[in-house]
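2 protein chains.
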Amino acid sequence: MKVEYVNPVLRSAVSVFSTMLNCELTRQDLFLKDDSKALHEVSGIIGLSGKAKGTVVLSLYREAALRATEVMLQVRPDSINSDVTDAIGELTNMIAGAAKAQLEQYELSITLSTVITGKGHSIGFPSGAPALYIPFECEWGGVVVQVGYVGQPNQMAEPAVM
Amino acid sequence: MKVEYVNPVLRSAVSVFSTMLNCELTRQDLFLKDDSKALHEVSGIIGLSGKAKGTVVLSLYREAALRATEVMLQVRPDSINSDVTDAIGELTNMIAGAAKAQLEQYELSITLSTVITGKGHSIGFPSGAPALYIPFECEWGGVVVQVGYVGQPNQMAEPAVM
Numbered sequence: 545m546k547v548e549y550v551n552p553v554l555r556s557a558v559s560v561f562s563t564m565l566n567c568e569l570t571r572q573d574l575f576l577k578d579d580s581k582a583l584h585e586v587s588g589i590i591g592l593s594g595k596a597k598g599t600v601v602l603s604l605y606r607e608a609a610l611r612a613t614e615v616m617l618q619v620r621p622d623s624i625n626s627d628v629t630d631a632i633g634e635l636t637n638m639i640a641g642a643a644k645a646q647l648e649q650y651e652l653s654i655t656l657s658t659v660i661t662g663k664g665h666s667i668g669f670p671s672g673a674p675a676l677y678i679p680f681e682c683e684w685g686g687v688v689v690q691v692g693y694v695g696q697p698n699q700m701a702e703p704a705v706m
Numbered sequence: 545m546k547v548e549y550v551n552p553v554l555r556s557a558v559s560v561f562s563t564m565l566n567c568e569l570t571r572q573d574l575f576l577k578d579d580s581k582a583l584h585e586v587s588g589i590i591g592l593s594g595k596a597k598g599t600v601v602l603s604l605y606r607e608a609a610l611r612a613t614e615v616m617l618q619v620r621p622d623s624i625n626s627d628v629t630d631a632i633g634e635l636t637n638m639i640a641g642a643a644k645a646q647l648e649q650y651e652l653s654i655t656l657s658t659v660i661t662g663k664g665h666s667i668g669f670p671s672g673a674p675a676l677y678i679p680f681e682c683e684w685g686g687v688v689v690q691v692g693y694v695g696q697p698n699q700m701a702e703p704a705v706m
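Respectively, the protein sequence lines represent chains A and B.
So for the first sequence, the numbering used here puts the first residue at 545; every next one is plus one.
So for the second sequence, the numbering used here puts the first residue at 545; every next one is plus one.
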């Protein structure tokens, strides 16, 4: 499986969490998604398009979403409210923006982020688009990055995921 | 409020439902969203980016999602399964693609669609991005199109929504 699009996203997620939240992400084993369950409560979604197309999803458990928002806004939100959706949307945006900068040859632009909340939600990618599911652990619990994409990767020499 | 981005999306939704599904959409009063509840069970999300950025969300009640899938695939799905997410993702993609063709001056490209399922899900737009919520009725029940966007609309002479 081609992973040219995936590494920059993973690196950016680790970097944004470290820089913006002072939170170190540790990567667990990645896998191809076999269903569409988000497993988390808050998911930021953002698209990239240009010479390739991709979607980046950042999913967090409730506590991780609340703590990330608290660090960004310096106030602890009392529920999954619009402060949380703004904060997680902004984190998703920063990850996509940093990944885009590492994928210049695809001339990507990023869309608006949207943030899905709700314990029962599932996120489905088109069947023609492979989606990698990359779990991380941090002191606040689990964080998952999902990357779906289509397009022809070129000869970038990046043989394996991180 | 600027609606330059919104009319092409609404026209495209009506046209795609009519052409692809033989289903006539009747528009109800639109409103600015005051919360992020999707109110529906299946939502296709797609982004557009270029000289402006926008997100188009197509939300359907369960029955409308099942019926739309049945018409597209000629088989009635027995649940909200991957056939449904593929069909609704494809409808969302066609609506965004048709809208993009009417907004050539923004040089937009469209991203991959993702499809959110789950009765309790909410879709939040960034606070800086206004999101219009446009309900439609059809023989299968309610269908909602949401459009969120940022960017500077130019002097297109389209004074009001459809």
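Just so it is clear, CB atoms sit at the ideal spot from N, CA and C, and this is done for glycine as well.
Source: prediction; values computed, not measured.
For Val687 of chain B and Pro679 of chain B, the rounded distance between their alpha carbons: 6 Å
Terminal residues of the alpha helix (DSSP H) in which Ile632 of chain B lies: 626-645
Interfacial residues, the stretch 652-684 of chain A to chain B, with Cβ spacing under 7 Å: Ser653, Ile654, Thr655, Leu656, Ser657, Thr658, Val659, Ile660, Thr661, Gly662, Lys663, Gly664, His665, Ser666, Ile667, Gly668, Phe669, Pro670, Ser671, Ala673
Contacts of Thr529 of chain B in chain A (Cβ-Cβ under 8 Å): One cannot answer for residue 529 of chain B here, as it falls past the ends of chain B, which runs 545 to 706.
Near-chain B residues of the stretch 589-618 of chain A - C-beta to any C-beta below 9 Å: Ile589, Ile590, Gly591, Leu592, Ser593, Gly594, Lys597, Gly598, Thr599, Val601
Thr613 of chain B: first and last residue of the uninterrupted alpha helix (DSSP H) it sits in: 606-617
Residue span of the alpha helix (DSSP H) that contains Phe561 of chain A, given as start and end: 550-565
Tyr677 of chain B: first and last residue of the uninterrupted beta strand (DSSP E) it sits in: 675-682
Bridge partners - Lys597 of chain A, DSSP secondary structure assignment: A:Ser593, A:Val694
Environment of Thr570 of chain A [buried if 16+ CB atoms lie within 10 Å]: exposed
Min CB distance Tyr693 of chain B to chain A below 9 Å: yes
Chain-ordered neighbours of Ser641 of chain A on chain B, where CB pairs are closer than 9 Å: Note on identity: in this sequence residue 641 of chain A is Gly, with Ser being the wrong assignment. What Gly641 of chain A touches in chain B: nothing, since even the nearest Cβ is about 12 Å away.
Same chain, Cβ closer than 7 Å to Trp684 of chain A, five either side skipped, listed in chain order: Cys567, Glu607, Ala608, Arg611
Pairwise C-alpha distance: Asn551 of chain B and Ser603 of chain B: 17 Å
Any C-beta of chain B under 9 Å from that of Glu548 of chain A: no
beta-carbon Asp630 of chain A near the ligand ATP non-hydrogen atom, thresh 8 Å: This structure simply doesn't include the ligand ATP, nor any ligand for that matter.
Opening and closing residue of the beta strand (DSSP E) in which Thr655 of chain B lies: Premise fails: Thr655 of chain B is in no beta strand (DSSP E) and is neither H nor E.
Exposure label - Val659 of chain B; buried when at least 16 CB within 10 Å: buried
Which residues DSSP lists as bridging Leu602 of chain A, in chain order: A:Gly588, A:Val689
For Leu574 of chain A, the nearest candidate out of A:Tyr693, A:Glu681, A:Gly692, A:Leu676 (CA to CA): A:Leu676
Segment contact, 8 Å Cβ cut-off, at least three pairs: the stretch 639-646 of chain A with the stretch 632-641 of chain B: no
According to DSSP, residues forming a beta bridge with Gly662 of chain B: None; Gly662 of chain B has no bridge partner.
Alpha carbon of Cys682 of chain B to alpha carbon of Glu614 of chain B, nearest angstrom: 16 Å
Chain-order list of residues whose beta-carbon lies under 7 Å from that of Ala673 of chain B (same chain, five-residue window excluded): Gly692, Tyr693, Val694
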